[in-house]
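Enquirer:
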Amino acid sequence: MAKLRTDSLLELTFLSDPQLSPDGRFLVAVSTTSEPGQGEGKSYQPPRYHSRLVRYQTDGSGHQAFTQGTSDSKPRFSPDGSKLAFLAKRGDDKQPQLYLMSFSGGEAERLTQLKSGVLSYVWHPDSRQLAFISRGDWEDRAAQEERARVIERMHYKADGRGFRPSEIAQVYLISLGDKEPKRLSNFAANPNEIVFRPDGSSLYVCAATSLADEDRWHSGLWQLPATGGEAALLIDSSQMVSDVVPSPDGASLALMAPAEPGNLASPMGLWLWQDSRLSLLTGELDAQPGIGGDSRYGDYPNRPAWSEDSRSLVINVNRAGRSTLSRVSLASGNIRAPHSGDRAVTAFSYAAGRLVFLAETPSRPGELFTLWRGHETQLSQVNADFVARYRLAEAGEHATRAERGPRLTYWTLPPRKPRKDKALVLQVHGGPHTNYGYGFYFEFQLLAARGYTVTYGNPRGSTSYGSGFAQSILGGYGTVDAADVLAIADSARSNHTDPEAPIHLTGGSYGGFMTNWLITQTAAFRSAVTQRSICNWLSFYGTSDIGYRFSEYEVGGNPWADTDKLWAQSPLKHVANVTTPLLIIHSEEDHRCPIEQAEQFYIALKRIGGAEVRFIRFPGECHELSRSGRPDRRLERLEAIVGWFESHP
0 MAKLRTDSLL
10 ELTFLSDPQL
20 SPDGRFLVAV
30 STTSEPGQGE
40 GKSYQPPRYH
50 SRLVRYQTDG
60 SGHQAFTQGT
70 SDSKPRFSPD
80 GSKLAFLAKR
90 GDDKQPQLYL
100 MSFSGGEAER
110 LTQLKSGVLS
120 YVWHPDSRQL
130 AFISRGDWED
140 RAAQEERARV
150 IERMHYKADG
160 RGFRPSEIAQ
170 VYLISLGDKE
180 PKRLSNFAAN
190 PNEIVFRPDG
200 SSLYVCAATS
210 LADEDRWHSG
220 LWQLPATGGE
230 AALLIDSSQM
240 VSDVVPSPDG
250 ASLALMAPAE
260 PGNLASPMGL
270 WLWQDSRLSL
280 LTGELDAQPG
290 IGGDSRYGDY
300 PNRPAWSEDS
310 RSLVINVNRA
320 GRSTLSRVSL
330 ASGNIRAPHS
340 GDRAVTAFSY
350 AAGRLVFLAE
360 TPSRPGELFT
370 LWRGHETQLS
380 QVNADFVARY
390 RLAEAGEHAT
400 RAERGPRLTY
410 WTLPPRKPRK
420 DKALVLQVHG
430 GPHTNYGYGF
440 YFEFQLLAAR
450 GYTVTYGNPR
460 GSTSYGSGFA
470 QSILGGYGTV
480 DAADVLAIAD
490 SARSNHTDPE
500 APIHLTGGSY
510 GGFMTNWLIT
520 QTAAFRSAVT
530 QRSICNWLSF
540 YGTSDIGYRF
550 SEYEVGGNPW
560 ADTDKLWAQS
570 PLKHVANVTT
580 PLLIIHSEED
590 HRCPIEQAEQ
600 FYIALKRIGG
610 AEVRFIRFPG
620 ECHELSRSGR
630 PDRRLERLEA
640 IVGWFESHP
């Protein structure tokens, strides 16, 4: 077997958005591969991702490419199973448009030709109409003509998208055979999700009540007549509603919302809307997967799925680093898992009694599986050659605790051939309300292949351990969470490598904050790499696309009223203490943790001169560089990280 290389990343295939046909006999998923750059000089085309649709028979008898496009996404079967719709950019399309194909094959027909494209869509129950969300023929003239922008709202930019459109999206309806869609709505804030009632008489729409409400990340539930007109508000937007699914009998709605309404650190709960009342079905369970991984691309839907008799629901439950498909009984409230295991289920679809899902483990990239009458079968083998070719480390699960703290879970990836110094790399996840677990990280495997023991765990603030665990760091970043990270590092070094081995530290986003924080508090690390990080909560408040909301809720204040509190929790305040060699990696178009954070920390370290520091800036990339950045830039980032650790033995 071969040793994993940095460019081995390009051999992976990323499956996403699995969708079952209504009869359960077929499955369509999006398959994404990395394509090399082409040409030279002015004609050079950089490496990029190509996404097409692939069809599988769920009995395992075979699979075929269904489309030959390069940007196909969001496949959805018509309710009668005869047609498949999807979004794509083809020919002269500048934005994703809605396309339609007969499921028996043939050429794709473009249904829309809107200047702003289509954001999302849903089939009408009659299989002859589709509703979709769009800004119609609106265009961003300010960008096209390089004019000054007039800003009047708080959430005016978004990571990965840049400046948010000034035009509010609306709901449209198009009938097959028609050339022009009909506008149905007149919402005051952007709808983000739509679904038809089973009888087709109306749509349920997730949207805030105003742009100011939307700027607070709120989303309520509306009912919009299928013929258009005034929408009725069913659920107040402070509930932060998403993933709405009507029951087949039309009597109830299942939806996702925080178990504690409005609480950003609360576990995501499954709720039932029935007789104009909301009831929580999942209690303290985290009913939405949040297990990290860096080998995914595209959409990973985990909407609740109703049984045919409207008496139970299937959801994806996140427990202690594992995600498990579970069935919730409405009558008894019991929650049982028809399948389980040490893995991360990243997406699923249900129809006609059959489940299909994408799952991965720390040593196996994502593949498709089906569960039918209690029997599980693997459908895809897209990464089988990759797994057979390379020596991949198997993860071990361990536990420890900080002084007077709760039990902490962490994992190690042991190298087959450890380095002479038995060095350990400690990874800190972002969020902070996400979690590590049984997801696949190419980055971790690469570090293990280079001889490092890789350690990653879930300090307080992580999800999948209950609301108290997740909320224990609110207003106190760098306290108990920092103690937990250090406890995980100490336990891993003492028990899974040499007790005197050097430890290298890295993390991104919140993990970048923690990297910055720890090197201002201790000299315990041989070297560190901070990525898409935060060093100054005062400036983060007004420059991040989520800063004003995040800082107030998570860190505990704003710059004018709580200056001392935010500054005390800012690594920049303590930067003079740093002696650890530091590599700073940041994307120039990161609107989540803006590059000014990296610039401040870098200049302070250079000015003080107490530590070696290097700064790498990636053009054209956002906060998602490590997961969906341009393929060649992802390779450059990985080489920079490994190279930094190797140059500081």
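Position 63, counted from 1, in the sequence shown is what numbering that gives the first Met the number 0 calls 62; the numbers after and before it change by one each time, with no gaps. Glycine included, each C-beta is placed from N, C-alpha and C at the ideal position. No experiment lies behind these values; they were computed from the predicted model shown.
At 4 residues or longer, and completely inside the segment 464 to 517: list those alpha helix (DSSP H) runs for me, N to C.
Expert: 466 to 470, 479 to 495
Enquirer: Assign residue 359 to one of three DSSP states: helix, strand, or coil.
Expert: It is a strand residue.
Enquirer: Is the beta carbon of residue 312 closer than 8 Å to that of residue 319?
Expert: no
Enquirer: At 3 residues or longer, what runs of the beta strand (DSSP E) sit wholly inside the segment 582 to 620?
Expert: Listed in chain order, the complete beta strand (DSSP E) runs (minimum 3 residues) inside the segment 582 to 620 are 612 to 617.
Enquirer: Look up residue 344 in the DSSP assignment and say whether it is helix, strand or coil.
Expert: strand
Enquirer: Please tell me whether residue 460 and residue 472 are closer than 8 Å, where the distance is taken between their beta carbons.
Expert: yes
Enquirer: Using only CA atoms, which one of 161, 505, 346 lies nearest to residue 142?
Expert: 161
Enquirer: Tell whether a beta-carbon distance below 8 Å holds between residue 327 and residue 279.
Expert: no
Enquirer: Cα separation between residue 45 and residue 635?
Expert: 14 Å
Enquirer: Tell me which residues share the same chain as residue 578 and place their Cβ nearer than 7 Å to its Cβ, disregarding the 5 neighbours each side in the sequence.
Expert: 522, 609, 610
Enquirer: On the criterion of 16 or more Cβ atoms from any shown chain inside 10 Å, does residue 283 qualify as buried, or is it exposed?
Expert: exposed
Enquirer: Out of 565, 623, 572, 581, point me to the one whose CA is closest to residue 587's CA.
Expert: 623
Enquirer: What distance in whole Å lies between the Cβ atoms of residue 245 and residue 196, which are believed to be in contact at a cut-off of 8 Å?
Expert: 6 Å
Enquirer: Roughly how many angstroms separate the alpha carbons of residue 101 and residue 83, rounded to a whole number?
Expert: If you take the alpha carbons of residue 101 and residue 83, they lie about 6 Å apart.
Enquirer: Among 365, 482, 150, whose alpha-carbon lies nearest the alpha-carbon of residue 385?
Expert: 365
Enquirer: Quick check on this structure: which residue in 427, 37, 167, 343 has the alpha carbon closest to the alpha carbon of residue 508?
Expert: 427
Enquirer: Please report the straight-line C-alpha distance between residue 381 and residue 71, rounded to a whole angstrom.
Expert: 18 Å
Enquirer: Per DSSP, residue 173 is paired with what?
Expert: 129
Enquirer: Given this structure, state the Cα-to-Cα distance separating residue 42 from residue 325, to the nearest angstrom.
Expert: 51 Å
Enquirer: Pick from 347, 492, 469: whose alpha carbon is nearest that of residue 454?
Expert: 492
Enquirer: According to DSSP, simplified to helix, strand and coil, what is residue 647?
Expert: coil
Enquirer: Using a threshold of 8 Å, state whether the C-beta atoms of residue 138 and residue 115 are closer than that.
Expert: yes
Enquirer: Quick check on the burial criterion: 16 or more other C-beta atoms within 10 angstroms. Buried or exposed for residue 73?
Expert: buried
Enquirer: Below 8 Å between beta carbons: does that hold for residue 724 and residue 194?
Expert: Because the chain in this structure spans residues 0 to 648, residue 724 falls outside the shown range and cannot be described.
Enquirer: Since residue 11 and residue 441 are thought to touch, with beta carbons under 8 Å apart, how far apart are those beta carbons, to the nearest angstrom?
Expert: Contact holds; Cβ gap of about 7 Å.
Enquirer: With DSSP run on the structure shown, which of helix, strand or coil describes residue 145?
Expert: coil
Enquirer: Going by DSSP, which residues form a beta bridge with residue 193?
Expert: 204
Enquirer: Can you list, in chain order, the residues of its chain whose CB lies under 8 Å from that of residue 19, leaving out five sequence neighbours each side?
Expert: 25, 26, 57, 76, 348, 349, 350, 351, 353, 355
Enquirer: Tell me which residue opens and which closes the beta strand (DSSP E) that residue 16 is part of.
Expert: 13 to 19
Enquirer: Using a Cβ-Cβ cut-off of 6 Å (strictly less than) and excluding sequence neighbours within five positions of residue 213, which residues of its own chain qualify?
Expert: 188, 207
Enquirer: Measuring alpha carbon to alpha carbon, tell me which residue in 78, 323, 4, 264 is nearest residue 247.
Expert: Selected option, being the one with the closest Cα: 78.
Enquirer: Roughly how many angstroms lie between the CA atoms of residue 219 and residue 106, to the nearest whole one?
Expert: 39 Å
Enquirer: Could you name the residues of the same chain whose beta carbon sits closer than 8 Å to that of residue 394, not counting the 5 residues immediately before and after it, in chain order?
Expert: 360, 361, 362, 410, 411, 412, 437
Enquirer: Assuming the contact rule is C-beta atoms closer than 8 Å, residue 300 and residue 285 should be a hit. Round their C-beta distance to whole Å, please.
Expert: At roughly 17 Å, the Cβ-Cβ gap does not stay under 8 Å, so residue 300 and residue 285 are not in contact.
Enquirer: Which of helix, strand or coil does DSSP assign to residue 241?
Expert: strand
Enquirer: Residue 574 and residue 604 - do their beta-carbons sit closer together than 8 Å?
Expert: Yes; because the gap between Cβ atoms is below 8 Å, this pair is in contact.
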